[in-house]
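Everything on this sheet refers to the single structure shown next.
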C-alpha cells in the first residue's frame, strides 16, 4: 500500500477525523463472533520485529523494546504502520515473546488512537486494521491479552466508521478494502449482521468496476490486483462461514481476475514487478489462486499469446518471461505507474535472473521517483529521457502522475514449433526526437535461450527531420542510449570480452552475448523489496552507445550454458532474508 493511502488532508481528512471521533463512542450490543484466523504473515519478519529492526520511510530503526508508535515520528510514511500488517508477521511466529509484543503494541494503539486520533483513520487503513484485529483475535485475547470487552469496542468503532466513510475511499483497491473490512465487522457484530447483505451488494458493484471485462485493473499494478482479489476471496469465505449466500457479482469478478494473475505468475511463484507492485509475500499468490478456484479463461485467452492487463507471458521449460507490452496508465491511475513499456523480467525455476528495480514502496520519495524511470527497467532507454514522463506533483499527493508517454504500442506474438516470437514497438520518443523503439524477443521451445533484437528507428520523413534536429542539438555526437538488463542480487556475473557469464544459486549457468557496436559493461544496480531494511546491491548488464543514424540495431542472446542440464534439483536456500550482516 502506498503513502497516498495514509492521512489525507482537506475535506476528506476532516470528514475522516470527525467520523472517527463519533465512531469511537460505538459499543457492541452483544458478544462478538470472533472468526477463525485466516491472515498469514512472515515469521522471519516477525522475529526481526522482535529484535526491534524495521524501516519507516527513509529511516532504519533498531531499537528493541520500543513501542512502535514512538518510532520515527517525523516520517510521513509512518502512517502505513496503522494498517497493522506487522500483526500478521508477529502472529506468524507463534511464540510467547512475539504474542506479548503484538498485545502490547495493539493495547498502546487503542490507548493513543482508539478515540479517533492519529493518521490511521482513513477508510483503507481502518479496514485493513479491522480485518487483522478480527483475524488475530485469539492471539490478542490470549491471557493476559488486551481484554475482550476492549477489543470488541474497537471492532464496533471501526465498523461504525467504515459504514459512514467507505464511499469517500478512492475507487479501486482502497474502496474494495473498505467494503471488505466493513463486511468483516458487520458479520462479527450480531446487531450489524442484517446490514451485511447491503454491504455485500455494494462490494459486488465495486468489484465489477475494479476488475474489468478483460480481467484488468486501471493501474496495471499486478500486486494491487492480487490484493483486490484476496479481499474478494476473503469476503466470500466470510459469507459462507456465516451461512449467507455468496454474491454472483463477486464470484464473476474473481473469475475475471484469476486468469490475469496466473499470467503474471513467474516460475518461482512470484508476481511480475511492474507499475508499483512487489512480487508478493512468498506463497500468497498461490494461496489466493487456490482459494479462488479455477474459473475458465476469458475468450481472449483461448488462442495464441494473449495480452493480460497489457502484459505478455512466454513460458517454456523452466523459464518464464513476462513483458510489459502496453502503454502505461495515465491520469489518476498513474500515480505509481512506471515508464516500463517493452521491459521484461526472466525467471528460471526458483531463481529470478532479469528483474526491475522494484517499486521502492516505503523507501522514501527520492527512491520512489527514481525507480519509475525507464532506466530502472530491463529495456532500452535514452539518456535522461524516459519513455513516459512525470507530470506535476500537486499538494497532498505522495507521487506525481504520468503526463506523457507512448501513444501507440504494437504487439504481434506467435507460438510455433520453433518457440515463441514477439514483435513489439512503442512511440514514446517519437514526439521528442522522432525515434521509435522496436523490440523482438524469441524464446526457444525448451526455454534455454532468449534471443533479442532492439532497434531505434525513424518511420516517416517527419520523424527523420525531428531526429536530425536532435542530432544537431547534440553537436552531431548522437543520442546516448543504454540497453539494460538488471540482474537479481543472487546472480553472480563476470564480464568477458563480448559476453557476461552468469551463475544462479541453483547452479544454472547462463551467458549473455551481443552483436552490435555498443559498449558492453557491468554496472552497479539495486534491488528493492518492501520488506527489506535497505536496498540490496546488484548488477546490471549495459550495452551503451550513441544513435547516429536513422536506424540503430542491437542483437543479443541470453542462453543457458551447454553444461546446464534440463532438469536441475535446486536445493540451495534462498538468501532473500539473510540480513544478519547488516
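Numbering (our numbering), first residue to last: 6 to 587. Where is the CB? At the ideal position from N, CA and C, for every residue including glycine. Model, not experiment: these values are computed from the prediction.
Contact set for residue i: own chain, Cβ-Cβ below 8 Å, skip 5 residues either direction
i	result
residue 293	231, 234, 235, 238 and 266
residue 556	460, 461, 462 and 463
residue 521	548, 550, 558, 559, 560 and 561
Three-state secondary structure (DSSP) of residue i
i	result
residue 422	coil
residue 346	coil
residue 520	strand
residue 538	coil
residue 154	helix
residue 610	The structure shown does not extend to residue 610, since the chain is modelled only from 6 through 587, so no value can be given for it.
residue 545	strand
residue 515	strand
residue 98	helix
residue 223	coil
residue 550	strand
residue 209	helix
residue 286	coil
residue 147	coil
residue 530	strand
residue 392	coil
residue 498	strand
residue 506	strand
residue 192	helix
residue 249	coil
residue 187	helix
residue 476	helix
residue 569	coil
residue 39	coil
residue 266	helix
residue 19	helix
8 Å contact criterion, which residue i and residue j should meet: CB distance rounded
i	j	result
residue 490	residue 422	In fact, because the Cβ distance is near 28 Å, the residues do not count as touching under 8 Å.
residue 284	residue 220	Contact flag wrong, Cβ pair sits at about 20 Å.
residue 107	residue 45	No, residue 107 and residue 45 are not in contact; Cβ-Cβ is about 15 Å, not under 8 Å.
residue 193	residue 38	5 Å
residue 226	residue 281	5 Å
residue 177	residue 133	Not confirmed; about 14 Å, so no contact.
residue 439	residue 486	With 8 Å as the limit, residue 439 and residue 486 do not qualify as a contact, their Cβ atoms being about 14 Å apart.
residue 198	residue 164	That belief does not hold up - the Cβ atoms of residue 198 and residue 164 are roughly 11 Å apart, past 8 Å.
Closest Cα partner of residue i within the set the options
i	options	result
residue 330	554, 257, 134 and 442	442
residue 412	436, 179 and 527	436
residue 527	188, 503 and 364	503
residue 636	38, 486 and 366	Residue 636 is absent from the model: the chain starts at 6 and stops at 587.
residue 327	338, 340, 357 and 341	357
residue 256	507, 296, 117 and 113	296
residue 116	512, 156, 91 and 570	156
residue 25	385, 482, 169 and 425	169
residue 415	432, 400 and 497	432
residue 450	180, 321, 399 and 500	321
residue 23	120, 47 and 88	120
residue 222	139, 568 and 335	335
residue 554	454, 547, 511 and 463	463
residue 175	145, 158 and 224	224
residue 588	332, 49, 88 and 409	The structure shown has nothing for residue 588, since the chain only spans 6 to 587.
residue 70	55, 77 and 60	55
residue 428	467, 394 and 319	319
Residues near residue i in its chain [Cβ-Cβ closer than 7 Å; skip 5 each side]
i	result
residue 369	62 and 63
residue 152	none
residue 363	278, 283, 376, 532, 533 and 534
residue 456	447 and 562
residue 323	272, 353, 354 and 452
residue 65	538 and 539
residue 184	171, 204, 207, 208 and 211
residue 381	361, 362 and 375
residue 569	513 and 514
residue 564	453, 454, 515 and 516
Residue i Cβ short of 7 Å to the ligand ATP heavy atom set
i	result
residue 93	The model on display carries no ligand, and the ligand ATP is accordingly not part of it.
Own chain residues within Cβ distance below 6 Å of residue i, not counting five before or after
i	result
residue 206	none
residue 419	426
residue 499	506
residue 459	385, 444, 488 and 559
residue 67	57 and 58
residue 251	241 and 244
residue 112	151
Quiz prompt | Every unbroken beta strand (DSSP E) inside the region 314-384 [3 residues or more] | solution = 316-321, 324-329, 349-353 and 356-360
Quiz prompt | Ranges of the alpha helix (DSSP H) found wholly within the region 397-470, counting only runs of at least 4 | solution = 435-438
Self-check item: Completely contained beta strand (DSSP E) runs for the region 114-142, where each covers 3 or more residues
Solution: none
Exercise. Ignoring anything shorter than 3 residues or poking outside the region 43-92, list the beta strand (DSSP E) runs there in chain order.
Key: 58-61 and 64-67
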